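Numbering-wise (numbering that gives the first Met the number 0), the sequence shown opens with residue 0 and increments by one.
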Amino acid sequence: MKIALSDLDWPRRTDRLELRPGRPEDAAAIWPWYRLPEVQKWTTTLSPTLEAHQQWWDGTLDSCVVGLLDGAIVASGKAEVQDAWSQADMREQAAGQQAEIGWVLDPTVHGRGLGTEFAAALLDLAIDDLGVRRVEAACFAENLASRRVMEKIGLRHEGTFREESLHRSGRWLDGMSYALLASEHRERRSGTP
Numbered sequence: 000m001k002i003a004l005s006d007l008d009w010p011r012r013t014d015r016l017e018l019r020p021g022r023p024e025d026a027a028a029i030w031p032w033y034r035l036p037e038v039q040k041w042t043t044t045l046s047p048t049l050e051a052h053q054q055w056w057d058g059t060l061d062s063c064v065v066g067l068l069d070g071a072i073v074a075s076g077k078a079e080v081q082d083a084w085s086q087a088d089m090r091e092q093a094a095g096q097q098a099e100i101g102w103v104l105d106p107t108v109h110g111r112g113l114g115t116e117f118a119a120a121l122l123d124l125a126i127d128d129l130g131v132r133r134v135e136a137a138c139f140a141e142n143l144a145s146r147r148v149m150e151k152i153g154l155r156h157e158g159t160f161r162e163e164s165l166h167r168s169g170r171w172l173d174g175m176s177y178a179l180l181a182s183e184h185r186e187r188r189s190g191t192p
């Protein structure tokens, strides 16, 4: 059975952040920093206007989590439950077995470890609460900050896909895939090899 974010207890807390599901009105709150060139450089969706951003945002709310610092939204992310690849006769058993996590931060809080803190909370949420057996994340290879966050939270580099991603700059960029099994995550937290 697939668990929805809305079925969970909220808010969640990390050392510095309060996490909760995204709401329609959050689109306007994050728009001032989400539209910045340094943020849009790595996002998959370009939002040229607040109206376009709102429309996109509303379509993400089933998997959207926001992070607040002192009451202001400084992080937006997803913990999107997905079906694992399987042979046709195993589709039912593969349903809802993995999740993709991703995150975007307000540039004014970069360099403070909040991206790592937020991403780690998304990883815990996907494994502990949504019950998936595998968590994936991906980024452009040139997005060094996201790569570092993935490595810090324990995701393993699984592959580099050469020139597989067409960036809005018009260049074909390498993409990178990271993942972690729930069993590995639990072992790491318990300190067992």
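A virtual CB, placed ideally from N, CA and C, is assigned to each residue, including glycine.
Given the structure is predicted, the values throughout are model-derived calculations rather than measurements.
* Decide yes or no for the touch test of the segment 88-95 against the segment 42-51: beta carbon pairs closer than 8 angstroms, at least 3 of them. => No contact exists between the segment 88-95 and the segment 42-51.
* To do: Look at the alpha carbon of I72 and the alpha carbon of V65, and state the distance between them as a whole number of angstroms.
  => Here residue 72 is taken as the residue at index 73 of the sequence shown, counted from 1. Here residue 65 is taken as the residue at index 66 of the sequence shown, counted from 1. Straight-line Cα distance between these residues: approximately 7 angstroms.
* Asked: In chain order, what residues of the same chain lie with their CB nearer than 6 angstroms to the CB of D105, ignoring the 5 residues before and after it?
  -> Here residue 105 refers to the residue found at position 106 of the sequence shown. Cβ neighbours of D105 within its own chain (closer than 6 angstroms, five residues either side excluded): W32, V73.
* Asked: Which residues in the same chain have their Cβ closer than 7 angstroms to the Cβ of Q81, if we skip the five residues on either side of it in sequence?
  -> Translated into the one-based positions of the sequence shown, residue 81 becomes position 82. In its chain, beyond the 5 residues on either side, Q97, A98, E99 have a beta carbon closer than 7 angstroms to the beta carbon of Q81.
* Quick one: give me the first and last residue of the beta strand (DSSP E) that R19 is part of. => Position 20 of the sequence shown, counted from the first residue, corresponds to residue 19. Residues 17-20.
* Label K77 either buried or exposed according to how many other C-beta atoms from any shown protein chain fall within 10 Å of its C-beta, with 16 as the threshold for buried. => Indexing the sequence shown from 1 puts residue 77 at position 78. When all chains shown are included, K77 counts as buried.
* To do: Return the Cβ separation of L113 and L68 in integer angstroms, given the expectation that the two are a contact with Cβ distance under 8 angstroms.
  => Mapped onto the sequence shown, residue 113 falls at position 114. Mapped onto the sequence shown, residue 68 falls at position 69. Right, their Cβ atoms sit about 7 angstroms apart.
* Just the C-alpha distance for R155 and A3, rounded to the nearest angstrom, thanks. => The residue given as residue 155 occupies position 156 in the sequence shown. The residue given as residue 3 occupies position 4 in the sequence shown. C-alpha separation (whole angstroms): 26 angstroms.
* To do: Rank R170, E150, T13, C63 by C-alpha distance to the C-alpha of I29 and give the top, closest one.
  => By one-based count along the sequence shown, residue 29 stands at place 30. Ranking the options by Cα distance to I29, first place goes to C63.
* In the structure shown, what three-state DSSP assignment does T59 receive? -> Here residue 59 refers to the residue found at position 60 of the sequence shown. Residue state, collapsed to three classes: coil.
* **Rounded separation between A120 and G153 - CA only** => Here residue 120 corresponds to residue number 121 of the sequence shown, with the count starting at 1. Here residue 153 corresponds to residue number 154 of the sequence shown, with the count starting at 1. Roughly 12 angstroms between the two C-alpha positions.
* Asked: What do you reckon, are the CB atoms on T191 and E116 nearer than 8 angstroms?
  -> Counted from its first residue, the sequence shown places residue 191 at position 192. Counted from its first residue, the sequence shown places residue 116 at position 117. The answer is no: Cβ separation not under 8 angstroms.
* Use the C-beta contact count for H52: other C-beta atoms within 10 angstroms, 16 or more gives buried, fewer gives exposed. => Numbered from its first residue, the sequence shown carries residue 52 at position 53. H52 comes out buried.
* Exposed or buried, H166, counting other C-beta atoms within 10 Å across all chains shown (16 or more means buried)? -> Residue mapping note: residue 166 aligns to position 167 of the sequence shown, counting from 1. When all chains shown are included, H166 counts as exposed.
* **Anticipated Cβ contact below 8 angstroms, A83 with R133, distance rounded** => For this step, residue 83 is matched to residue 84 along the sequence shown. For this step, residue 133 is matched to residue 134 along the sequence shown. Distance from A83 to R133 at the Cβ level is roughly 7 angstroms; contact confirmed, criterion being Cβ atoms closer than 8 angstroms.
* Which of the three DSSP states, helix, strand or coil, is assigned to W9? -> Taking the first residue of the sequence shown as position 1, residue 9 is located at position 10. Looking at W9 - three-state DSSP - the assignment turns out to be coil, as it is neither helix nor strand.
* Asked: Taking the beta strand (DSSP E) that I72 falls in, what are its first and last residues?
  -> For the purposes of this step, residue 72 is identified with residue 73 of the sequence shown, where counting begins at 1. Run containing I72: 71-81, per the beta strand (DSSP E) assignment.
* **V103: first and last residue of the uninterrupted beta strand (DSSP E) it sits in** => Your numbering for residue 103 matches position 104 in the sequence shown. Looking at the DSSP string, the run of the beta strand (DSSP E) that includes V103 is 97-104.
* **Cα-Cα separation, A137 to E183** => One-based indexing of the sequence shown puts residue 137 at position 138. One-based indexing of the sequence shown puts residue 183 at position 184. Roughly 19 angstroms separates the two Cα atoms.
* Over the uninterrupted alpha helix (DSSP H) stretch that includes A121, give me the two end residues. => Stepping through the sequence shown from its first residue, residue 121 is reached at position 122. The question names Ala, yet the displayed sequence has Leu at residue 121. Taken as a continuous stretch (DSSP letters only), the alpha helix (DSSP H) holding L121 covers 113-123.
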